Each structure stands twice: as structure tokens, then as C-alpha cells.
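Some notes on the structure that comes next.
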Amino acid sequence: MRTQVAIIGGGPSGLLLAQLLHRHGIDSVVLERKTKDYVLSRIRAGVLEQGLVQLMEQAGCADRLRSKGHVHDGTLIAYGDTMFRLDFTDLTGTPVIVYGQTEVTRDLYAAREAAGGPIEFEVEDVTIHDADTDSPHVTYNVGGEPRRIDCDFIAGCDGFHGVSRQAIPLTIRREYEKVYPFGWLGVLSETPPVNSELIYANSPRGFALCSMRSDTLSRYYIQCSLSDKPEDWTDAAFWQELKRRIPPDQAERLVTGPSIEKSIAPLRSFVTEPMRWGRLFLCGDAAHIVPPTGAKGLNTAASDVHYLFTGLRQFYDTGATDGIDSYSAKALARVWKVERFSWWFSSLMHRYPDQSDFDLRIQIAELEFLRTNRAAQQAMAENYVGLPY
Ligand code: FAD
Ligand code: DHB
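Numbering-wise, full-length UniProt numbering puts 41 at position 41 of the sequence shown, and it's gapless, one number per residue.
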């Protein structure tokens, strides 16, 4: 088989890129290791920046997002006995949209199917060949049958555990990593959200986040130990711990119910450089990971897709290569700023095992500064709603 762009990974990055290319008359084939149902069962991000919303518009996939997504003009930050609000719209002119990654992915799959764009599910042994030449190809197996795709370019959109990053030789690839000494235990429940806006809470018992997917579906997280397993936490134990970490008036009105999903995510900061090797381009989690505090993972995957799509479109329209040549540098310049923000917000909100009394006082001082200083609030809000592309 031949295509213009072989896309490895049918998560949000791969699907969004495929749809943008399709709308511009550029062919692609998407290769996904899992089934569609499996991909749609993964509960992940929930807060979308305007940049991602605009890309969904460009991809022709924003109808449901526009009607079902919730506009959030601000968020609440709690610590000690204090809670304050950051008004994003007042500070930056821009709100964020609460709409789950599952729904984004569902909308992108629907568009891909409507367009008749090829997706191969349950592919195995995907291998990238000759990415440093002008004629790369990808081989893989489906149901034990060997297949091959010849292409102009390969987009590595296969997440942190994919094969694309590993295809870049170690003599060229440089990785930067920070692993955090805790995880997040997340629960999804069919209960009304405790508050109409998200609450990020720094408590002596550890971080907690009250988020949502809709008026009837809540998403809550608590900082947990890396050795914890989701099955160690009964629903009752989770709700009790969450209530102890959020302001008492919120805890009082929290509606609890059975969890419909419960999972633990470790926290990691990770960047690989460069994000391009020859005709292979890395996008999204394949190239970088952020700790979830601040909801930047999916949004940063989207900004990569924007830069890559812009470069590929320019190449196919005019033959010029400056867009694809500058892809890695442009994407990384934004990625590192997002890494900084996610690291900073994580450091501000969590309890660390080796935190001294001095460290704790500094954390509180930083929260106080943020509560009372408009310039600090503006810097935080600009990052939260999304840095410009
Ligand atoms: P992925 O979503 O990982 O998609 C990659 C796809 O490639 C997957 O479907 C995978 O099956 C497929 N694949 C992998 N290897 C191969 C292969 N060899 N061949 C073919 N296909 C392959 N971000 C937030 O902003 N907020 C959150 O709350 C949040 N929570 C998260 C919780 C968890 C547990 C995880 C893992 C991530 C979370 N993220 C969150 C991050 C966010 O979900 C990711 O940044 C986003 O999914 C990145 O999209 P992607 O398409 O680049 O990668
Ligand atoms: C969600 C996750 C985040 O990491 C975050 O900062 C905000 C919201 C969520 O899953 O809803």
C-alpha cells in the first residue's frame, strides 16, 4: 500500500492530524495497536485550550464540542483555610472548555469514518524503515498477516510507550526526564460536580482536584502513593479521603456515588529532542509527557499537530521544506514552556515526601503571592488557557 503520510497511533494526535490532512487533500493511513473501543475506554484529559478547539473546527469536528462542551471562565485554588478564584477571562480574555478527551477522540473517529479514511486496528510489530531517506516505509502485522506501507512521511503519534521515538538512533536522540514521588488516583462517577468550576486543592494530606465532564458526570483525583493500586481504594475510602482534602463547605455538599472508573497515573515530566529525524516526526506523548496538573498533555499534543500539519501542508502546496525543517525547534520551544508550567503547578500543589518545613512555608508564600498579585495571576492564567501557537 502507498500513502502520503503514515500515521502510527490512533489516539487524539494521530486522528487529529489525519483529519486535518484529509481536509487539505493529503492522504494518510492510521495504524492503531488497540481496538477503537479500547482507545475510547481510556479516561484521560478533560480541559481543552482554545488552540485545540480551533484545530477541531479546522478538522470539521467541533459541532458536538461546541454544543456539549462547557465554557469555564475561571478556576478555584484552595490551601489551608483559604480558597481563591482565578478569572481566566478577566485576566487573559480567554476561557477554557471542559470536554473529555474520550469525546474528542470519539468525534475524530466519527469524522475519519465518515471520510472513509483508512485506519488499521490491532496492528502488531509496527517497524519504521529508512526514515532517514527519501523513501521511508512502515511494516506491521494484522492478524498474523505481514503488511507494508510506503509513504513520503511518517508521523509518530504512538504515545509514550510507542515505537516511533525508539526509531531515532541514540546517537541523535537526547531525553530529559523527571519522575515525581507520587501518583494520582482518579475516579469517574455519575454524580453532579461538587462545584461549577474546577477546584485544585493543596492540603496537608496531599493534593486533590475536583473536575467534571458534564453536569451529571464528575472526575475527582487525589495524590496517592506510587505503590498504591486502584483496588486498594474502595469507593468509600476514596470519598472519605477526598472530603478531608477539600474545603469543609465543599466536602459537605459533595455528592458521592459508585465509581464507574478508577485508575492511578504516575506523574512524569519527559522531553525527547529532536522531534524530527529525517522523514519521521514525533507528535504528542511520543515526544513529551507532563504531570497532569494544569491539564496540558492533550493540549500540547494538539500544538505539535498544528506545527506538523502546517509544515506538511506547505510542503504539499509549494514543495517548500522550511515548515517541516523548523517543526522540531518550533514544537520544542512551546513544549519546554508547558513543561515548566506543569512542573511549577505540580510543585505548588503537592506534598513531597522529603519536603521540609522551610519548603512548606515557601509553598504557602507562593500561593499567597498568587492569591494577591495580579501579575502572578496573569502569568498563571496565560499558561493555563494555553500559550499562543
Ligand atoms: P495517546 O493518547 O497515548 O495515543 C497514542 C496511541 O498510539 C494509542 O491509542 C496507542 O494505543 C497507540 N500506540 C501505541 N504504540 C503503538 C504502536 N507500536 N503501534 C500502533 N499504535 C500504537 N492529560 C491531560 O491534559 N489531563 C489529564 O487529566 C490527563 N490524564 C492522563 C491520564 C493517563 C493515565 C495518561 C496516560 C495520560 C493522561 N493525560 C492527561 C495526558 C493525555 O491524555 C495525553 O497527553 C494524550 O492522550 C496524548 O495524545 P497522543 O495521541 O499523543 O497519545
Ligand atoms: C482534569 C485533569 C487535569 O489534570 C486537570 O489539571 C484538570 C482537569 C480532568 O481530568 O478533568
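From the three backbone atoms N, C-alpha and C, an ideal C-beta is built for every residue, glycine too.
Just so you know, these numbers come straight off a predicted model, no measurement behind them.
Exercise. What are the residues that DSSP puts in a beta bridge with GLU124?
Worked result: Taking the sequence shown and counting its residues from 1, the one referred to as residue 124 is at position 124. Per DSSP, ASN141.
Problem set entry | heavy atom of the ligand DHB below 7 Å from ALA45 C-beta | One-based indexing of the sequence shown puts residue 45 at position 45. For ALA45, the CB falls within less than 7 Å of some heavy atom of the ligand DHB.
Problem set entry | Of the residues THR139, ARG268, SER214, ALA114, the one placed nearest ALA59, counting alpha carbons only | Indexing the sequence shown from 1 puts residue 59 at position 59. Residue ALA114 is the option with its Cα nearest to ALA59.
Problem set entry | Backbone CA spacing between HIS22 and PRO118 [nearest angstrom] | To locate residue 22, count along the sequence shown from 1; it is residue 22. To locate residue 118, count along the sequence shown from 1; it is residue 118. Approximately 11 Å between the Cα atoms of the pair.
Exercise. Cβ atoms of PHE84 and ILE77: under 8 Å apart, would you say?
Worked result: The residue given as residue 77 occupies position 77 in the sequence shown. The residue given as residue 84 occupies position 84 in the sequence shown. Cβ distance < 8 Å, so ILE77 and PHE84 count as in contact.
Exercise. Residue 413 to THR191, Cα distance in whole Å?
Worked result: Only positions 1 to 389 of the chain appear in the structure, and residue 413 is not among them; the question remains open.
For this session: For THR75, collect the residues of the same chain with a Cβ closer than 8 Å to its Cβ; drop the 5 residues on either side in sequence, then sort them by chain order.
Result: By one-based count along the sequence shown, residue 75 stands at place 75. If we look at THR75 and ignore the five residues flanking it on each side, its Cβ neighbours are ARG85, LEU86, PHE88, GLU197, LEU198, ILE199, TYR200, TYR384.
Problem set entry | Own chain partners of PRO247 with C-beta closer than 6 Å, once the 5 adjacent residues on each side are dropped | Sequence index remark: in the sequence shown, residue 247 carries index 247 (1-based). Only ALA78, MET83 meet the Cβ criterion.
Exercise. Cβ of GLY60 within 7 Å of any heavy atom in the ligand DHB?
Worked result: Position 60 of the sequence shown, counted from the start, is the residue given in the question as residue 60. No, Cβ of GLY60 sits at least 7 Å from all heavy atoms of the ligand DHB.
Problem set entry | Burial state of LYS229, where buried means 16 or more other Cβ atoms lie within 10 Å | Locating residue 229 in the sequence shown gives position 229, counting from the first residue. By the neighbour-count rule (16 or more Cβ atoms within 10 Å), LYS229 is not buried but exposed.
For this session: For GLY10, decide whether its Cβ has a neighbour in chain B, counting only Cβ atoms nearer than 8 Å.
Result: Among the chains of the structure shown, chain B does not appear; only one protein chain is present.
For this session: Report yes or no: do three or more beta-carbon pairs, one from the stretch 281-299 and one from the stretch 139-155, lie closer than 8 Å?
Result: yes
For this session: Tell me whether the beta-carbon of THR127 lies closer than 8 Å to the beta-carbon of TYR109.
Result: Within the sequence shown, numbered from 1, the residue matching residue 127 stands at position 127. Within the sequence shown, numbered from 1, the residue matching residue 109 stands at position 109. In this structure, TYR109 does not lie closer than 8 Å to THR127 by Cβ.
Problem set entry | C-beta atoms of GLN50 and ASP27 nearer than 8 Å | Your numbering for residue 50 matches position 50 in the sequence shown. Your numbering for residue 27 matches position 27 in the sequence shown. No.
Problem set entry | Where PHE369 falls, given that 16 or more other Cβ within 10 Å makes a residue buried | As a first step, residue 369 is located in the sequence shown; it is residue number 369 there, counting from the start. Result: exposed.
Problem set entry | Stretch-stretch touch, CB-based, cutoff 8 Å, three pairs: the stretch 167-187 with the stretch 267-274 | In this structure the stretch 167-187 lies against the stretch 267-274, because at least three pairs of beta carbons, one per stretch, are closer than 8 Å.
Exercise. Are three or more beta carbon pairs between the stretch 51-70 and the stretch 296-316 nearer than 8 Å?
Worked result: yes
Exercise. Measuring CA to CA, which of HIS129, LEU367, ALA167 is closest to VAL138?
Worked result: For this step, residue 138 is matched to residue 138 along the sequence shown. It is HIS129 whose Cα lies nearest to the Cα of VAL138.
Problem set entry | DSSP beta-bridge partners of THR310 | Here residue 310 is taken as the residue at index 310 of the sequence shown, counted from 1. Bridge partners of THR310: none, in fact.
For this session: Flag ARG205 as yes when its Cβ comes closer than 7 Å to any non-hydrogen atom of the ligand DHB, and as no otherwise.
Result: By one-based count along the sequence shown, residue 205 stands at place 205. Checking the Cβ of ARG205 against the ligand DHB gives no.
For this session: Report whether the distance from the Cβ of LEU298 to the nearest heavy atom of the ligand FAD is below 7 Å.
Result: The residue labelled residue 298 in the question sits at position 298 within the sequence shown. Yes, since a heavy atom of the ligand FAD falls inside the 7 Å radius drawn around the Cβ of LEU298.
Exercise. DSSP on LYS243, reduced to helix/strand/coil?
Worked result: Walking along the sequence shown from the start, residue 243 turns up at place 243. Taken through DSSP and simplified to helix, strand or coil, LYS243 comes out as helix.
Exercise. Is the closest heavy atom of the ligand MN to the C-beta of GLY10 under 7 Å?
Worked result: What this structure holds is the ligand FAD and the ligand DHB, not the ligand MN.
Problem set entry | For GLN223, the residue or residues it bridges with in DSSP | Within the sequence shown, numbered from 1, the residue matching residue 223 stands at position 223. DSSP, once it has assigned bridges, lists TRP184 as partnering GLN223.
Exercise. Given a threshold of 16 other Cβ atoms within 10 Å of its Cβ, counted over all protein chains shown, does ILE260 qualify as buried or as exposed?
Worked result: On the sequence shown, residue 260 is found 260 positions in, with the first residue counted as 1. ILE260 counts as exposed, since fewer than 16 other beta carbons sit within 10 angstroms of its beta carbon.
Exercise. With 16 as the cutoff for other CB atoms within 10 Å, does PHE358 come out buried or exposed?
Worked result: Sequence index remark: in the sequence shown, residue 358 carries index 358 (1-based). Exposed, by the Cβ-count rule.
For this session: May I have the straight-line CA-CA distance separating THR310 from HIS288, to the nearest angstrom?
Result: Position 310 of the sequence shown holds residue 310. Position 288 of the sequence shown holds residue 288. Their Cα atoms are separated by approximately 20 Å.
Problem set entry | Cβ-Cβ separation, ASN299 to LEU48 (assumed contact under 8 Å), whole Å | Translated into positions along the sequence shown, residue 48 becomes position 48. Translated into positions along the sequence shown, residue 299 becomes position 299. With a Cβ gap of about 7 Å, LEU48 and ASN299 count as contacting.
Exercise. Given SER164, which residues of its chain have a CB within under 7 Å of its CB, disregarding the five upstream and five downstream residues?
Worked result: As a working mapping, residue 164 is identified with position 164 in the sequence shown. Here the set comprises ILE8, ILE128, GLY156, ASP158, LEU280, LEU282, ALA286.
Exercise. How many Å lie between SER346 and GLU145 at the Cα?
Worked result: Taking the first residue of the sequence shown as 1, we reach residue 346 at position 346. Taking the first residue of the sequence shown as 1, we reach residue 145 at position 145. Cα to Cα, the separation comes out at about 45 Å.
Exercise. Roughly how far, in whole angstroms, is the beta-carbon of VAL98 from the beta-carbon of GLY143, given that I think they are within contact range, below 8 Å?
Worked result: For the purposes of this step, residue 98 is taken as residue 98 along the sequence shown, with counting starting at 1. For the purposes of this step, residue 143 is taken as residue 143 along the sequence shown, with counting starting at 1. A Cβ-Cβ separation of about 39 Å leaves VAL98 out of contact with GLY143 under the 8 Å criterion.
Exercise. Within the present structure, is the beta-carbon of GLY74 separated from the nearest heavy atom of the ligand DHB by less than 7 Å?
Worked result: Start at 1 with the first residue of the sequence shown, and residue 74 comes out as number 74. Checking every heavy atom of the ligand DHB against the Cβ of GLY74, none is found closer than 7 Å.
Exercise. Taking the alpha-carbon positions, what's the LYS296 to VAL335 distance?
Worked result: Translated into the one-based positions of the sequence shown, residue 296 becomes position 296. Translated into the one-based positions of the sequence shown, residue 335 becomes position 335. C-alpha separation (whole angstroms): 10 Å.
Exercise. Do you know whose CA, among GLN54, LEU40, GLU241, VAL123, lies nearest GLY100's CA?
Worked result: If you number the sequence shown from 1, residue 100 lands on position 100. The option with the nearest alpha carbon to GLY100 is LEU40.
Exercise. What residues in its chain sit with their C-beta under 6 Å from that of HIS70, if we drop five residues either side in the sequence?
Worked result: Here residue 70 is taken as the residue at index 70 of the sequence shown, counted from 1. Taken in chain order, the residues that qualify are VAL98.
Problem set entry | Candidates VAL96, GLU103, THR94, THR92: closest to LEU15 by CA position | Taking the first residue of the sequence shown as position 1, residue 15 is located at position 15. The shortest Cα separation from LEU15 among VAL96, GLU103, THR94, THR92 belongs to GLU103.
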